[in-house]
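Worksheet: one structure, shown below.
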């Protein structure tokens, strides 16, 4: 069954969703159709409930609008005071973001999500404050009316005739964990309005006639209900994906919207966004950059449109090409788009006919499998091409002066050579001047020059001179043709130049990126990467660059890199720190801390933020979307280079440590071999000598030396971390017997008993090491007790603590109180007066036990004497199969 | 066979001249003939041409690792091999024993221990035929009837216990690794299941040893395996 196939991407997305949600605070939105439905009231009731349940909550900001019942709900709730910001002579209370972040309640109550903050606040919009609270892991309750939703703003304007300026991006609502619809019928709301429960005094009457008309309210209510329903639907789908009840084989829809420099595009963008949301599909906003020149007004509009699309989570694609329809289809195919959305053309029917149909016609002809939606435009706004001409004319007065002077100069030349050439040839001089002018000035000045020169030629040269009259037919013809040629060549050269300029700009961008990439690739260190980047930014943008990198001394802190070409003051550093924490761009040209001098971009490599790039352009500069894109590409390149450097450094460190470990091991093995071999020869030789008093001395001395060498080598192995455990199931009795036999020379002549209960469980340990640890304990007991003291070796199980213990006990003098803490320290010797021994034995025993996840303990026994115990974790081996 | 008439030849392969001299003194004193070399390659050539009765092989040789010498030797010869090693080389020892070495000895070693090991090895070669019964302490094993008695009373052994006992007794005087026993009794898949062995060894000791906590016959070679000693 193909429809049972779970989409791995969807699964991954679901995991990411839940992971991101775990760290973020939870957002609950109390959602309503209009003011006055009781959102704040419902929110405060929920907050009171949370408070009563003992949750750590705080009211960060609530607007009561003077409503008494709301005010009563606030009683007894902890309130964080607002911060007062001076604005236009008055003090305005705003959400004190710092105070809330410092107080860190589990839950913060923030009213009116769509509110625009007073200039001077950290963020432009309150929803950005909320976003930051959520990012800090604080749960938030907030309220929102449907008209403030970005994607619904247009619809609301059409319904109510009121333009909505305070909007909240839809992503905010989509990210909300819970949405509670606060619903009221229009009639009930109007009733509340007349009772003065929504607005006080005169405002209520005015509102009832305008915004609160019954028809408006019905439409708004439907909007709110539908949005909530859509969301429920989407949630249901998410739950299905999570649980895989029936893994939905996703349609794989992908939308593309064509965006131009038109105010109508915003409507298109929102329309597409709504559709994408309903389909749960990704979407792309494409701008086809035709060579036709744009007015500054158009540029601004385009930038705004693309910014809106970006805000609404679209992928932005800007492609330069002359053929709009073909490009759209090409991009659509490249991105696997299933539906293209365009606006209904406003172009003239004649032009459309010449082009081979309107954009929609051409698109539909070539789109093949892809659906095309044509969304109707609003009525024409009355703007025409002419306005653009004038707009462009106004911007370059100097070019007009150039054009005037050129025509004037040409006229002087014409007057001088008229005798030689005759008046007809003068027109060619004028024409040359106009064409040449086209290489340097824009279309407006060219048009002016063409017109002026035509008139000048007529007035000064065509007989009868000093009149605009033309007597001869061929002169008239000449004048007409001249005028047309001058106009056309002027326009053509102008357009060529515009194209060339665009081309050059694009090439500059590509070159800039290429140069940066190359400069970074050539850099041998992170410092060099940053220095090269700073030089490039300076050259290309005429802007200064500051790079903040992670402070190696203080993890999580930023430090200004010396490659920076401007010194960021404390405030700028604060912006950089915000960018670093939130992994988002901030500062100038953004909605977060826009008063900053610099524009700050995070340097992101995967999930990690490696630093922040600050760019400080000249004071009056703007940041068009393509420049911003280029800067973002720069940031990505720099981040990748930094990441590469970081990885290289890590790798280098790992290699060094590996090499040093290898060296260490070789050295240890060498020393071990060189020390042990001669000792082995001496010991073996002494074994083979006939017994005698001197031979016994040799043997004792050799044993002592061997013990010392072994202890030193064991200690070195422990300290260097080169100890490798070879764990296997061992019988504790075997371990004790082996240790007992290994130390026979030390305890010979004493009473050594073993107390081993039957049925001891096995222990998973490195037999050699534990045996050595036990041998060290036995040896220790022999050295520190009188020769007559008895030694008991015992083992047992402590089931509740899941431990196996092995003990070496004696009936000697026991431990002094001051010794117990330091017994297991390296080089600690219990009795400094006694000769022999380095004080390593117990320390090694502890090291070996701890390497097994166990421990050693030294105690005085109730009946006298000391008792040293090794505890090892108790594990159960796999059962033995029955025969 | 008395030592007067039989003088086995032992080939010593060790790069430490002092150890070689020491071995020569000890071995010749006990009636062995000794041939020595300091290189693995030379040792292999000597073993092929001179046909010694046993080989003493050091694991750390400069030209060829001891384990390599052993593996190449085992391709064509069943000559008894005694491994010499230092403390802390348990992994190498086990590898060598699993690769076909007959026993091991850790440096420093006593002369008596060395000679006992060598003789146990040689006995296997000299008397390969199986005895029909064996007696140690107050225990008697009748291999033909598969009956084990202790102090005259019949001891009941499970088939696996009897198998383990027989395996150890057959290799008496020599070490046998956990892996070898497990493979023999439980099959190659159980080679890592040391806990089986521990359990059965405990049973065997409880049934046959006088003091199971301080076994006299069934000795543990820590981290390596077991050794059955008659005395």
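Chains as they are written, first to last, in our numbering: chain A, 1 to 883; chain B, 884 to 1114.
No residue lacks a Cβ here, since even glycine has one placed at the ideal position from N, Cα and C.
Since the model is a prediction, treat every value here as computed from it, not as a measurement.
Alpha carbon to alpha carbon, what distance is there between residue 790(A) and residue 853(A)? 30 Å
Between which two residues does the beta strand (DSSP E) carrying residue 684(A) extend? No beta strand (DSSP E) holds residue 684(A); the alpha helix (DSSP H) holding it covers 625-688.
Specify the secondary structure class of residue 4(A) as computed by DSSP and reduced to three states. Here residue 4(A) scores only 46 on pLDDT, less than 50, and its place in the model is too uncertain to base an answer on.
Quick one: grab the DSSP three-state call for residue 947(B). coil
When you compare the region 28-47 of chain A with the region 131-151 of chain A, are there three or more beta-carbon pairs, one atom per stretch, that lie closer than 8 Å? yes
If you draw a straight line from the alpha carbon of residue 756(A) to that of residue 798(A), how long is it in whole angstroms? The alpha-carbon atoms of residue 756(A) and residue 798(A) are separated by roughly 14 Å.
is_contact[residue 614(A), chain B] using C-beta, thresh 8 Å: Interface annotation, residue 614(A): not in contact with chain B, CB-CB separation never under 8 Å.
Measure from the C-beta of residue 729(A) to each C-beta in chain B and report whether the shortest distance is under 8 Å. Taking 8 Å as the threshold, the shortest C-beta distance from residue 729(A) to chain B falls below it.
Per-residue DSSP class, three states only, for residue 26(A): coil
Whose CA, out of 184(A), 159(A), 141(A) and 156(A), lies closest to the CA of residue 173(A)? 141(A)
Starting from the beta carbon of residue 1063(B), find every residue of chain A whose beta carbon is closer than 8 Å, and list them in chain order. Those within 8 Å of residue 1063(B) in chain A number zero; the least Cβ separation is about 15 Å.
Which of the residues in the region 1092-1112 of chain B, read from start to end, lie with their CB under 7 Å from any CB of chain A? 1096, 1097, 1103, 1105 and 1106
What do you get for residue 788(A), buried or exposed, if any count of 16 or more other CB atoms within 10 angstroms of its CB means buried? exposed
Any idea what DSSP makes of residue 1105(B), helix, strand or coil? coil
Under the three-state DSSP convention, the category residue 84(A) falls into: DSSP places residue 84(A) in strand when its eight states are reduced to three.
Look at the alpha carbon of residue 40(A) and the alpha carbon of residue 79(A), and state the distance between them as a whole number of angstroms. Each residue's alpha carbon lies about 15 Å from the other.
Contact with chain B by residue 743(A), beta-carbon distance below 8 Å: For residue 743(A), no Cβ of chain B is located within less than 8 Å of the residue's own Cβ.
Terminal residues of the beta strand (DSSP E) in which residue 1057(B) lies: Run containing residue 1057(B): none; DSSP gives neither H nor E here.
Note down the Cα distance separating residue 93(A) from residue 113(A), rounded to an integer number of angstroms. 15 Å
Taking all protein chains shown into account, do 16 or more other C-beta atoms lie within 10 angstroms of the C-beta of residue 245(A), making it buried, or fewer, making it exposed? Unreliable placement is indicated for residue 245(A), whose pLDDT of 39 sits below 50; the coordinate value is still reported in the next sentence. With fewer than 16 other Cβ atoms within 10 Å, it is exposed.
Are the beta-carbon atoms of residue 898(A) and residue 746(A) separated by less than 8 Å? Because chain A is modelled from 1 through 883, residue 898(A) falls outside the range shown and cannot be assessed.
Could you tell me whether the region 598-618 of chain A touches the region 571-589 of chain A, where touching means 3 or more Cβ pairs closer than 8 Å? yes
Find the residues of chain A that neighbour residue 987(B), judging by a C-beta separation of less than 8 Å, and give them in chain order. Near residue 987(B) there are no residues of chain A at all, since even the closest Cβ is about 14 Å away, more than 8 Å.
What does the Cβ neighbour count give for residue 579(A), buried or exposed, with the cut at 16 atoms within 10 Å? buried
Step through the CB atoms of chain B and report whether any lies within less than 8 Å of the CB of residue 854(A). no
Kindly indicate which three-state DSSP category residue 567(A) falls into: helix, strand or coil? coil
Around the C-beta of residue 660(A), are 16 or more other C-beta atoms found within 10 angstroms, so that it is buried, or is it exposed? The residue in question, residue 660(A), is exposed, as its Cβ has fewer than 16 Cβ neighbours within 10 Å.
Counting only Cβ pairs nearer than 7 Å, list the residues of chain B close to residue 775(A). Neighbours of residue 775(A) on chain B: none; closest Cβ ~11 Å, over 7 Å.
Run of the alpha helix (DSSP H) containing residue 1039(B), from where it starts to where it stops: Looking at the DSSP string, residue 1039(B) is not in any alpha helix (DSSP H), and its letter there is neither H nor E.
Evaluate residue 75(A) with the Cβ neighbour count: other Cβ atoms within 10 Å of its Cβ, from every protein chain shown; 16 or more gives buried, anything less gives exposed. exposed
Are there 16 or more other CB atoms within 10 angstroms of the CB of residue 131(A), so buried, or fewer, so exposed? buried
Give every residue of the same chain whose Cβ lies closer than 8 Å to the Cβ of residue 946(B), excluding the five residues on either side of it in the sequence, and list them in chain order. Correct list, in chain order: 922, 923 and 924.
Cα-Cα separation between residue 1015(B) and residue 688(A), rounded to whole angstroms: 37 Å
Distance check for residue 89(A) and residue 98(A), CA to CA, integer angstroms please. 24 Å
Taking 8 Å as the cut-off, decide whether the C-beta atoms of residue 728(A) and residue 773(A) are in contact. No; because the gap between Cβ atoms is not below 8 Å, this pair is not in contact.
Three or more C-beta pairs under 8 Å: does that hold for the region 504-518 of chain A against the region 631-651 of chain A? Contact between the region 504-518 of chain A and the region 631-651 of chain A is present: 3 or more CB-CB pairs across the two stretches fall below 8 Å.
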